[in-house]
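**Student:** Can you read through this structure? Questions will come right after.
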Amino acid sequence: MLNPAAKLNTETFSSQTPSLAATRDGFGKGLLELGEKDPRVLALCADLAESTRMLAFKEKYPERYIELGVAEQNLAAVASGLANYGKIPFIASYAAFSPGRNNEQIRTTISLNNVPVKIVGSHAGLSVGPDGATHQALEDIALMRVQPNMTVLSPCDEEEARKATLAAAAHDGPVYIRLAREKTPVMTTVESPFAIGRANLLWLGENPQVTIFATGPLVYQALQAAKELESEISVSVINIHTIKPLDTAAILAAAKNSGAVVTVEEHQIAGGLGSAVAEALAQAYPVPIEFVGVRDQFGQSGEPAELLAHYKLDTPAIKEAVKTVFARKLQ
Amino acid sequence: MLTEQKIKELELRAEAVRETIVEMLTAAGSGHTAGPLGMADIFAALYFYILKHDPHNPGWEERDRLILSNGHIVPVRYAAMAHAGYFPVAECLTLRKFGSRLQGHPERLRLPGLETTSGPLGSGLSQAAGYAYGARMDDKKFRVYCAMSDGEQDAGNVWEAAMFAGNNKLSNLTAIVDRNNIQINGMTEHVMPLEHLRAKYEAFNWHVIEVDGHNIREFVDATEQAKAIYERPTVIIAHTIPGKGIKEIEFDYRWHGKPPSKEEAQKFLAELRTLKGKIASEHE
Numbered sequence: 001m002l003n004p005a006a007k008l009n010t011e012t013f014s015s016q017t018p019s020l021a022a023t024r025d026g027f028g029k030g031l032l033e034l035g036e037k038d039p040r041v042l043a044l045c046a047d048l049a050e051s052t053r054m055l056a057f058k059e060k061y062p063e064r065y066i067e068l069g070v071a072e073q074n075l076a077a078v079a080s081g082l083a084n085y086g087k088i089p090f091i092a093s094y095a096a097f098s099p100g101r102n103n104e105q106i107r108t109t110i111s112l113n114n115v116p117v118k119i120v121g122s123h124a125g126l127s128v129g130p131d132g133a134t135h136q137a138l139e140d141i142a143l144m145r146v147q148p149n150m151t152v153l154s155p156c157d158e159e160e161a162r163k164a165t166l167a168a169a170a171h172d173g174p175v176y177i178r179l180a181r182e183k184t185p186v187m188t189t190v191e192s193p194f195a196i197g198r199a200n201l202l203w204l205g206e207n208p209q210v211t212i213f214a215t216g217p218l219v220y221q222a223l224q225a226a227k228e229l230e231s232e233i234s235v236s237v238i239n240i241h242t243i244k245p246l247d248t249a250a251i252l253a254a255a256k257n258s259g260a261v262v263t264v265e266e267h268q269i270a271g272g273l274g275s276a277v278a279e280a281l282a283q284a285y286p287v288p289i290e291f292v293g294v295r296d297q298f299g300q301s302g303e304p305a306e307l308l309a310h311y312k313l314d315t316p317a318i319k320e321a322v323k324t325v326f327a328r329k330l331q
Numbered sequence: 332m333l334t335e336q337k338i339k340e341l342e343l344r345a346e347a348v349r350e351t352i353v354e355m356l357t358a359a360g361s362g363h364t365a366g367p368l369g370m371a372d373i374f375a376a377l378y379f380y381i382l383k384h385d386p387h388n389p390g391w392e393e394r395d396r397l398i399l400s401n402g403h404i405v406p407v408r409y410a411a412m413a414h415a416g417y418f419p420v421a422e423c424l425t426l427r428k429f430g431s432r433l434q435g436h437p438e439r440l441r442l443p444g445l446e447t448t449s450g451p452l453g454s455g456l457s458q459a460a461g462y463a464y465g466a467r468m469d470d471k472k473f474r475v476y477c478a479m480s481d482g483e484q485d486a487g488n489v490w491e492a493a494m495f496a497g498n499n500k501l502s503n504l505t506a507i508v509d510r511n512n513i514q515i516n517g518m519t520e521h522v523m524p525l526e527h528l529r530a531k532y533e534a535f536n537w538h539v540i541e542v543d544g545h546n547i548r549e550f551v552d553a554t555e556q557a558k559a560i561y562e563r564p565t566v567i568i569a570h571t572i573p574g575k576g577i578k579e580i581e582f583d584y585r586w587h588g589k590p591p592s593k594e595e596a597q598k599f600l601a602e603l604r605t606l607k608g609k610i611a612s613e614h615e
């Protein structure tokens with residue numbers, strides 16, 4: 001059942017037509033709120049104001065919007081200078097370009113320099129769809145989580161993305177926020193808890209046999225899988241919206257409780273959530289793990305649903321992984 | 332005012348900075364020699380005349396910001412800072428050693444007064460432009476200086492920053508290019524020709540001044556002129572001699588990335604101590 005403490009939108013699961021919005025929309029809303037709250041907040045963009053949802057901020061606070069053009073290296077390093085001076089710059093582009101193209105500038109001028117630049121990587125994952133492999137960032141979590149001082153957020157829906165944006169601004173240090181282009185079900189509500197570094201239990205299995213750790217919009221598919229398996233295998237679903245710092249305590253407790261784990265992400269398994277969870281469990285409490293994620297491949301053009309099915313990231317694939325890990329546990 | 336006496340004093344400061352550079356690199360056993368020596372006159376002018384700063388209060392909000400983009404010449408900055416009173420000159424001998432605040436490439440969080448962390452080339456001008464942009468938003472009066480190498484101009488990031496600063500008319504930003512014509516693989520015009528460098532910056536809407544980088548008055552005058560240009564950022568292309576002050580090192584690109592041995596250092600220090608203003612006299 002849905003965990004009452006998570007204060008989720010129950011209609012999302014009962015309805016055939018859940019309410020949909022993109023995580024990038026939540027970022028746009030959050031940024032607009034920040035504009036009102038904190039004059040230090042700036043929006044820097046590399047020629048993608050509309051699609052990264054910086055446009056509303058640009059229109060309302062033109063003096064705090066800085067255009068960089070198609071220059072992601074400059075985007076990161078100019079933001080470093082602004083943050084060093086005392087501003088709180090959000091920099092937005094597609095994740096494939098930032099932190100893709102400008103990784104070294106982020107490493108040296110933001111992470112090592114430890115200045116509060118907020119890096120917003122939109123259009124992450126396969127669900128960018130028709131644009132194809134060049135634009136489908138599948139390694140951005142890996143790139144960002146290996147940098148000391150960096151916090152890595154991967155919100156599951158529009159509302160959580162809004163909260164993540166506010167939390168990123170309040171956090172005194174570099175933050176990466178991973179966003180998606182597609183509209184996806186909005187599960188969380190204004191009342192749902194969100195704190196950087198604190199995982200949220202969304203689905204409560206009775207004496208759970210398997211725990212699913214999921215991140216990003218695929219949390220919805222993970223919940224669907226848990227619901228559909230209800231009569232077969234008891235499953236808990238935990239939303240890991242913060243990849244770094246990882247909520248190791250919550251992950252260990254859940255692994256001990258269930259004895260088997262599935263990770264779910266729209267990202268390469270290597271270096272992503274799956275790796276992070278495996279690193280944590282291997283050290284303290286090894287249990288069987290199955291990884292749902294991209295297996296060392298690039299994406300391709302297609303509709304998001306087609307791609308999620310092809311790369312085995314959808315609800316049936318998650319259910320399959322749960323069954324597999326459950327069987328391994330019983331061996 | 333920049334009197335003849337003041338210039339003489341700055342030249343002697345530059346000479347002391349050069350001696351410290353040789354001593355610290357020799358003690359470190361690794362590091363870059365030619366670039367720091369070539370920029371000693373400019374750094375002496377910056378730290379002892381041009382910059383508004385307070386060595387005893389490095390975080391002073393109204394200070395001018397000096398951003399060093401080509402982090403590998405940081406020995407010249409460390410030496411100038413030490414002589415200016417930021418920290419004891421003796422600490423320069425900890426350069427590149429374990430536990431030292433004087434990292435091989437500068438790290439802002441390790442040593443107060445460094446402004447940024449740098450080493451990977453090409454992104455200092457961006458950071459300086461961001462700093463200048465933010466300061467202008469708040470009507471701050473301080474200036475932002477950014478020292479770059481010429482080899483660094485190969486990097487695309489430099490031109491992204493040049494375009495941004497030119498477009499935004501960041502007149503509170505003064506860039507300095509150390510035009511010493513060498514980089515690791517050889518002469519800049521052989522590795523990847525930069526000329527016509529002046530025309531390139533002019534095309535990006537910068538005010539360009541070319542100076543002899545060992546003539547302190549010329550350099551100071553250029554920084555003053557930059558303050559009077561309101562429509563554009565200024566870049567001072569400072570023609571310098573790599574390794575300036577030590578005949579054996581001058582113009583030799585092989586000294587880009589190696590330190591003197593102990594024996595060489597003795598000879599070089601003796602040579603430097605006999606200069607007493609000779610560097611300036613060559614240009615009078």
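Those sequence lines, one after another, are chains A and B. Start counting the first sequence at 1; every next residue gets the next number (the numbering used here). Start counting the second sequence at 332; every next residue gets the next number (the numbering used here). Note that beta-carbon positions come from the ideal geometry of N, C-alpha and C, so glycine has one too. Every value quoted in this text rests on a predicted model; they were computed, and no experiment measured them.
(1) Shorter than 9 angstroms from the beta carbon of glycine 35 of chain A to some beta carbon of chain B?
(2) Would you say phenylalanine 582 of chain B faces chain A, with C-beta separation under 9 angstroms as the test?
(3) Between B:Gly482, B:Asp372 and B:Ala459, which lies nearest to arginine 474 of chain B when the distance is taken from Cα to Cα?
(4) If you measure beta-carbon to beta-carbon, which residues of the stretch 494–508 of chain B are closer than 8 angstroms to chain A?
(5) With burial defined as no fewer than 16 other Cβ atoms inside 10 Å of the residue's Cβ, what is the status of tyrosine 561 of chain B: buried or exposed?
(6) If you follow the beta strand (DSSP E) that histidine 135 of chain A is in, where does it begin and where does it stop?
(7) Counting only beta-carbon separations shorter than 9 angstroms, does glutamine 458 of chain B have a partner in chain A?
(8) Going by the CB atoms, is the gap between serine 449 of chain B and threonine 108 of chain A shorter than 9 angstroms?
(9) In this structure, how does DSSP classify isoleucine 352 of chain B when only helix, strand and coil are distinguished?
(10) Within 10 Å of its beta-carbon, does isoleucine 59 of chain A have 16 or more other beta-carbons around it, so buried, or fewer, so exposed?
(11) Measuring only between beta-carbons, confirm whether proline 451 of chain B sits less than 9 angstroms from chain A.
(12) Which residues in chain B sit within 8 angstroms of isoleucine 66 of chain A, going by Cβ to Cβ distance?
(13) Starting from the Cα of tyrosine 378 of chain B, find the closest Cα among B:Leu525, B:Val542 and B:Leu445 and give me that residue.
(14) State yes or no: is the beta carbon of isoleucine 404 of chain B nearer than 9 angstroms to at least one beta carbon in chain A?
(15) If you reduce the DSSP assignment to three classes, tell me which class lysine 244 of chain A lands in.
(16) Using beta-carbon positions only, say whether proline 406 of chain B and leucine 343 of chain B come within less than 9 angstroms of one another.
(17) Let me know if leucine 330 of chain A comes out buried or exposed under the rule of 16 or more other beta-carbons within 10 Å of its beta-carbon.
(18) Quick check on asparagine 488 of chain B: does DSSP put it in helix, strand or coil?
(19) Cβ of methionine 468 of chain B less than 9 angstroms from any chain A Cβ?
(20) Buried or exposed: where does alanine 254 of chain A fall if 16 or more other Cβ atoms within 10 Å of its Cβ makes it buried?
(21) So, alanine 76 of chain A versus serine 98 of chain A, is the Cβ gap smaller than 9 angstroms?
(22) Within its chain, find whatever has a CB closer than 6 angstroms to the CB of alanine 214 of chain A; leave out the 5 residues flanking it on each side and keep chain order.
(23) If contacts are defined as beta-carbon pairs under 8 angstroms, then arginine 64 of chain A and alanine 43 of chain A qualify, I think. What distance do you get, rounded to the angstrom?
(24) According to DSSP, is serine 612 of chain B helix, strand or coil?
(25) Where does cysteine 423 of chain B sit, in a helix, a strand or coil, going by DSSP?
(26) Taking C-beta pairs closer than 8 angstroms, name the residues in chain A that serine 361 of chain B reaches, listed in chain order.
(27) Compare the Cα-Cα distances from aspartate 296 of chain A to each of A:Thr12, A:Gly28 and A:Leu138 and report the closest residue.
(28) When you compare only the Cα positions, how much space is there between arginine 548 of chain B and isoleucine 338 of chain B?
(29) Let's see if you can read the secondary structure: which residues bound the beta strand (DSSP E) around serine 127 of chain A?
(30) Buried or exposed: which applies to glutamine 283 of chain A, given that a residue is buried once 16 or more other Cβ atoms fall within 10 Å of its Cβ?
(31) Could I get the ranges of all uninterrupted alpha helix (DSSP H) runs contained in the stretch 20–44 of chain A, with 4 residues as the minimum, in chain order?
(32) Assign histidine 614 of chain B to one of two classes, buried (16 or more other C-beta atoms within 10 Å of its C-beta) or exposed (fewer than that).
(33) Whose C-alpha, out of A:Pro174, A:Asn207, A:Ser275 and A:Ile212, is nearest the C-alpha of alanine 83 of chain A?
(34) Mind reading off the beta-carbon distance from glycine 216 of chain A to glycine 125 of chain A? Whole number of angstroms is fine, and I expect it under 8 angstroms.
(35) Going by DSSP, what residues sit across from aspartate 543 of chain B in a beta bridge?
(36) For the stretch 413–440 of chain B, list every residue whose C-beta sits within 8 angstroms of some C-beta in chain A, in sequence order.
**Tutor:** So, from the data block:
(1) The beta-carbon of glycine 35 of chain A is placed no less than 9 angstroms from the nearest beta-carbon of chain B.
(2) For phenylalanine 582 of chain B, the answer is no, since every Cβ of chain A falls outside 9 angstroms of its Cβ.
(3) In terms of Cα proximity to arginine 474 of chain B, the closest of B:Gly482, B:Asp372 and B:Ala459 is B:Ala459.
(4) If the cut-off is 8 angstroms between Cβ atoms, the stretch 494–508 of chain B has Met494 and Phe495 near chain A.
(5) The C-beta of tyrosine 561 of chain B has fewer than 16 other C-beta atoms within 10 Å across all chains shown, which makes the residue exposed.
(6) First-last for histidine 135 of chain A: undefined, no H or E at that position.
(7) It does: the Cβ of glutamine 458 of chain B has a partner Cβ on chain A nearer than 9 angstroms.
(8) One thing to note: threonine 108 of chain A has its Cβ within 9 angstroms of the Cβ of serine 449 of chain B.
(9) Of the three classes helix, strand and coil, the one that applies to isoleucine 352 of chain B here is helix, per DSSP.
(10) According to the sequence provided, residue 59 of chain A is glutamate. The question's isoleucine does not apply to it. With fewer than 16 other Cβ atoms within 10 Å, it is exposed.
(11) For proline 451 of chain B, the answer is yes, since a Cβ of chain A falls inside 9 angstroms of its Cβ.
(12) Close to isoleucine 66 of chain A, with beta-carbon spacing below 8 angstroms, are these residues of chain B in chain order: Tyr464.
(13) Residue B:Leu445 is the option with its Cα nearest to tyrosine 378 of chain B.
(14) With 9 angstroms as the cut-off, isoleucine 404 of chain B does not count as an interface residue toward chain A.
(15) Here lysine 244 of chain A sits in strand by DSSP.
(16) Between proline 406 of chain B and leucine 343 of chain B, the C-beta gap is not smaller than 9 angstroms, which leaves the two residues out of contact.
(17) Exposed: under 16 other Cβ atoms inside 10 Å.
(18) In the structure shown, asparagine 488 of chain B sits in a helix (DSSP, three-state: H, G or I).
(19) Yes, its Cβ sits closer than 9 angstroms to a Cβ of chain A.
(20) Buried, by the Cβ-count rule.
(21) Between alanine 76 of chain A and serine 98 of chain A, the C-beta gap is smaller than 9 angstroms, which places the two residues in contact.
(22) So the qualifying residues of the chain are Ala222 and Val264.
(23) With 8 angstroms as the limit, arginine 64 of chain A and alanine 43 of chain A qualify as a contact, their Cβ atoms being about 7 angstroms apart.
(24) Unreliable placement is indicated for serine 612 of chain B, whose pLDDT of 44 sits below 50; the coordinate value is still reported in the next sentence. Three-state result, serine 612 of chain B: helix.
(25) The answer is helix: DSSP assigns cysteine 423 of chain B an H, G or I state.
(26) Going along chain A, no residue has its Cβ under 8 angstroms from serine 361 of chain B, so there is no contact; the nearest lies around 20 angstroms.
(27) Cα-wise, what sits closest to aspartate 296 of chain A is A:Leu138.
(28) Cα to Cα, arginine 548 of chain B sits roughly 7 angstroms from isoleucine 338 of chain B.
(29) Run containing serine 127 of chain A: none; DSSP gives neither H nor E here.
(30) Answer is exposed; the Cβ neighbour count stays below 16.
(31) Listed in chain order, the alpha helix (DSSP H) runs fully inside the stretch 20–44 of chain A are 23–37, counting runs of at least 4 residues.
(32) Residue placement at histidine 614 of chain B is poorly supported in this model, since its pLDDT is 42, which falls under 50; the coordinates still yield a value, given next. A residue is called buried once 16 or more other Cβ atoms fall within 10 Å of its Cβ, and histidine 614 of chain B, having fewer, is exposed.
(33) The residue with the shortest Cα to Cα distance from alanine 83 of chain A is A:Pro174.
(34) Confirmed, Cβ separation roughly 7 angstroms.
(35) Residue pairing by DSSP places aspartate 543 of chain B opposite B:His570 in a beta bridge.
(36) From the stretch 413–440 of chain B, only Glu438, Arg439 and Leu440 have a Cβ closer than 8 angstroms to chain A.
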